[in-house]
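See structure below.
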Amino acid sequence: MALLAPADQDKLRESFSAMSSPVRLLFFTQALGCETCLQTRQILDELPALSDKIAIEEVNFVLEKEKAAQYGIDRVPAIAVIGQDAAGEPKDSRIRFLGAPSGYEFISLVQAVLLVGGRGSNLDEANRQRVAAVSTPTNIQVFTTPT
Amino acid sequence: MAFANPHITATAVEATEFPDLARRYRVTGVPKTVVNETIEILGALPPEMFIEQALSYDGGDANSKFQIPHS
Chain A
52 MALLAPADQD KLRESFSAMS SPVRLLFFTQ ALGCETCLQT RQILDELPAL SDKIAIEEVN
112 FVLEKEKAAQ YGIDRVPAIA VIGQDAAGEP KDSRIRFLGA PSGYEFISLV QAVLLVGGRG
172 SNLDEANRQR VAAVSTPTNI QVFTTPT
Chain B
69 MAFANPHITA TAVEATEFPD LARRYRVTGV PKTVVNETIE ILGALPPEMF IEQALSYDGG
129 DANSKFQIPH S
């Protein structure tokens, strides 16, 4: 059953139609002891139906510890947004979502998919240069709530 | 910001699902941003101000103007 209203599906389909490169959402999940993993899966399942450029790849957090470590995932549900470089190779955007992307977080996820899928950055040139000048590992965590 | 620089990782954390993290980083309201476990920004800011505060550990704007951006 669709979680999104038909009108919202149409709007998203239109937004995603501007994507120029594929985006893969690595979804780290586990069957037991994860209250919101199923809900996250249901939300993510909405997306590939709206664009053939969006794919979901489920990763078992319990069995695939190495992959979780590779992407810096230490709890679930988690989503890693993976794009593609000019040569068509996977390129980690280093954008992550921890917890179910419902409410406003869903909008953030859609924005991340569009950004990585070819829309490019919303930063103006001065801000982009300032950010590009960072040379030390920087970990930004943004805490939000669904409403 | 993560998209614009390979040194940057950005994670959106659903605070109510991870109360341990919310406690550890003293999340009393949202949005709350924590950079490298030390810099804390409560609330939403215009992009310039947000970037300035978030990157304030990194030498500030004065130097960055003369650096060559990473490709």
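Here the protein sequences line up with chains A and B, keeping their order. Oh and the first sequence: position 109 is 160 in the working numbering, straight run, nothing missing. Oh and the second sequence: position 45 is 113 in the working numbering, straight run, nothing missing. Even for Gly, the Cβ is constructed at its ideal location relative to N, Cα and C. Quantities reported herein were computed from a predicted structural model and do not represent experimental measurements.
- Residues of chain B whose Cβ lies closer than 9 Å to the Cβ of A/Glu156 are, in chain order, Ala80 and Glu82.
- Per DSSP, the continuous alpha helix (DSSP H) segment holding A/Val182 begins and ends at Glu176 to Ala183.
- At least one CB of chain B lies nearer than 7 Å to the CB of A/Ser159.
- Secondary structure of B/Thr96 (DSSP, three-state): coil.
- Along the region 85-121 of chain A, the beta strand (DSSP E) occurs as fully enclosed runs of 3 or more residues at 105-111, listed in sequence order.
- Taking a contact as a CB-CB distance under 8 Å, the pair B/Val102 and A/Gln192 counts as one, their CB atoms being some 5 Å apart.
- Look at the beta carbons and you see the region 77-88 of chain B not touching the region 169-187 of chain A: under three pairs across the two are nearer than 8 Å.
- By the Cβ rule, the region 105-120 of chain A does not count as touching the region 139-156 of chain A, because fewer than three pairs are nearer than 8 Å.
- For the region 161-183 of chain A, the set of positions with a beta-carbon nearer than 9 Å to some beta-carbon of chain B reads Ala163, Leu166, Val167, Gly171, Ser172, Asn173, Leu174, Asp175, Ala177, Asn178, Arg179, Gln180, Arg181, Val182 and Ala183 in chain order.
- Looking at the DSSP output, A/Val193 sits in a beta bridge with B/Ala80 and B/Thr101.
- Residues of the same chain with a CB within less than 6 Å of the CB of A/Val110, apart from the 5 flanking positions on each side, are Leu77, Phe79 and Lys118 in chain order.
- Judged by DSSP in its simplified three-state form, A/Ser68 adopts coil rather than helix or strand.
- Residue B/Gly111 holds the alpha-carbon nearest to the alpha-carbon of A/Thr196 among B/Thr77, B/Ile119, B/Gly111 and B/His75.
- For A/Val127, the closest Cβ of chain B is not nearer than 7 Å.
- By alpha-carbon distance to B/Glu108, the top candidate from B/Pro114, B/Leu123 and B/Pro115 is B/Leu123.
- Here DSSP, grouped into helix, strand and coil, assigns B/Ile107 to strand.
- Less than 7 Å separates the beta-carbon of A/Val182 from that of B/Ala72.
- In the three-state reduction of the DSSP assignment, A/Phe148 falls in the strand class.
- Burial is judged here by how many other beta carbons sit within 10 angstroms of a residue's own beta carbon; A/Leu149 has at least 16 and is buried.
- Neighbours of A/Leu149 in chain B, taken as residues whose beta carbon is under 9 Å from its own, are Thr79, Ala80, Val81, Glu82, Glu85, Phe86 and Leu89 in chain order.
- Annotation: A/Val113 has no Cβ neighbours in chain B at a cutoff of 7 Å; minimum Cβ distance is about 18 Å.
- Assigned with DSSP and collapsed to three states, A/Ile133 falls in strand.
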